[in-house]
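Convert by adding 3 to the 1-based position in the sequence shown; the result is the number in my numbering. Note that CB positions come from ideal geometry on N, CA and C, so glycine has one too. Computed from a prediction, not measured in an experiment: that's the story for all the values here. These notes concern the structure reproduced below.
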Amino acid sequence: MKHGFNSLLTVLLVGAAIVLPTPLLAGPKPAPHAKAENEVILKENSAQDANLKIEPVVEVLASTTEPLNGKISFDENYTSRISSPVLGRAIKVQVQLGDRVKAGQALLTIDSPDLGSAVADYRKATADLDLKRKALERSKLLLDGGVIAHKEYEAVQADMAQSQAEATRTKSRLHNLGIDHASSNESFILKAPMAGMVVDRQVNLGNEVRPDAPNPLFIITNPDHLWAIIDLPERDLSKVSLGQALSIKVDAYPDEEFQGKVQSMGTMLDPVSRRVQVRCSVESKGKLRPEMYAKVTPLNMTQQKVIRIPNSALITEGLYSFVFVETSHGHIQKRRVTLDLQGRDYATIKEGLKAGERVVTKGAILINSELAADK
4 MKHGFNSLLT
14 VLLVGAAIVL
24 PTPLLAGPKP
34 APHAKAENEV
44 ILKENSAQDA
54 NLKIEPVVEV
64 LASTTEPLNG
74 KISFDENYTS
84 RISSPVLGRA
94 IKVQVQLGDR
104 VKAGQALLTI
114 DSPDLGSAVA
124 DYRKATADLD
134 LKRKALERSK
144 LLLDGGVIAH
154 KEYEAVQADM
164 AQSQAEATRT
174 KSRLHNLGID
184 HASSNESFIL
194 KAPMAGMVVD
204 RQVNLGNEVR
214 PDAPNPLFII
224 TNPDHLWAII
234 DLPERDLSKV
244 SLGQALSIKV
254 DAYPDEEFQG
264 KVQSMGTMLD
274 PVSRRVQVRC
284 SVESKGKLRP
294 EMYAKVTPLN
304 MTQQKVIRIP
314 NSALITEGLY
324 SFVFVETSHG
334 HIQKRRVTLD
344 LQGRDYATIK
354 EGLKAGERVV
364 TKGAILINSE
374 LAADK
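Have a look at this one:
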């Protein structure tokens, strides 16, 4: 009887477990995470989430001014503009744009009648000098023998000196052209005066070349040495000095900064623009090209670092500025910050953010609108 009662009790308990709702058996369900004040919770894989960009806050060297407009240029200390020293016609072009050349390498062969004339003039001058030298030797013997007067000997000496000067002049001309005086043809080879890269070529096969041409035939430069040229406003002259460090950015590499240093500053202002030209060396890392536009930021000489964020991360409401900070995955909270300096593209933060915190840099306005609608 007792065994039958226990079996009946077991059946009743199992049946009750089946009939009772699951939540009653599992106990009370935990309350969902409460939304904090000024917080937006993102839904994963939503359109809202896809339109946001969240980036870590970075520390940079403090700047003395907002970014200045500049341009990347050749470093003239490592650049050579090459023209033809003779009149003639190009009969062979030995290099192309972008070629790396060594000092003394042939760039262009020129057919030049002027070259033939220069060689002929030198040979004529040296032949005349030999004759005058022999004449002087004979005159010296005659003078010593009392056959001629000293005045006649001096006249022969003067002829000798004149011939010597002409021979020196014609030899120097050949030397300046970089050719051997023993050359017997009219072909002149234009050579590279330095090692570097051919970045400009203004001559083709058959073109006439002239010493007085307005533009060089070739430009050779060392692409690892470039300048950033900026026109510094008069009001910022006291904030920039020789040797000062610079941060340089270009559109081609928007997420990369290049380092530079002020090398020279103009001695006078442009009377119209009220600006002075500043030349800065720049570490190109093989990426920068002449004529690129650049944003150049002079850095604080104290090497002090500041928090910097793009202006797209800022929300301005009245007199105050705010950013949206990622407090945890999917949770974005609005936070008030104090600005130190705001330029055209970036702002530095005095209070309210720390390096490494993640802020919304794209889509902050949309989040702010959503937050306002929920209130």
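Query                                                                                                                        : Result
Residue 116 versus 104, 101, 90 and 107, residue with shortest Cα-Cα distance                                                : 90
Cβ-based neighbour list, residue 245, same chain, cut-off 6 Å, excluding 5 preceding and 5 following                         : 265
contact_flag[the region 154 to 172, the region 200 to 217] where n(CB pairs < 8 Å) is 3 or more                              : no
Buried or exposed by the 16-neighbour rule on C-beta atoms within 10 Å, applied to residue 215                               : exposed
Counted within 10 angstroms of its Cβ, other Cβ atoms place residue 121 as buried (16 or more) or exposed                    : buried
Residue of 375, 292, 337 and 309 minimising C-alpha distance to residue 101                                                  : 292
Delimiting residues of the beta strand (DSSP E) encompassing residue 116                                                     : From DSSP, residue 116 is part of no beta strand (DSSP E) but of the alpha helix (DSSP H) over 116 to 147.
Residues of its chain near residue 125, where Cβ-Cβ distance is below 7 Å and the 5 sequence neighbours each way are ignored : 173, 174, 177 and 184
Beta-carbon proximity of residue 255 to residue 297, cut-off 7 Å                                                             : no
Residues of its chain near residue 69, where Cβ-Cβ distance is below 7 Å and the 5 sequence neighbours each way are ignored  : 346 and 347
As assigned by DSSP and simplified to three states, the class of residue 228                                                 : strand
Residue 32 (DSSP reduced to helix, strand or coil)                                                                           : Low per-residue confidence applies at residue 32: pLDDT is 49, beneath 50, and the placement is therefore not dependable, though the value from the model is reported in the following sentence. DSSP places residue 32 in coil when its eight states are reduced to three.
Expected contact under 8 Å - CB spacing of residue 366 and residue 54 to nearest Å                                           : 5 Å
Own chain residues within Cβ distance below 7 Å of residue 373, not counting five before or after                            : 43
Residue 182 - DSSP class collapsed to helix/strand/coil                                                                      : coil
Rounded separation between residue 257 and residue 358 - CA only                                                             : 20 Å
Cβ neighbours of residue 194 in the same chain (closer than 7 Å, five flanking residues each side left out)                  : 107, 108, 109, 110 and 181
The region 128 to 141 contacting the region 159 to 174, beta-carbon criterion three pairs below 8 Å                          : yes
Integer Cβ distance of residue 309 from residue 326, believed to fall under 8 Å                                              : Contact doesn't hold; Cβ gap of about 15 Å is too wide.
C-beta contact flag for residue 83 and residue 223 at 7 Å                                                                    : yes
Three-state secondary structure assigned by DSSP to residue 240                                                              : helix
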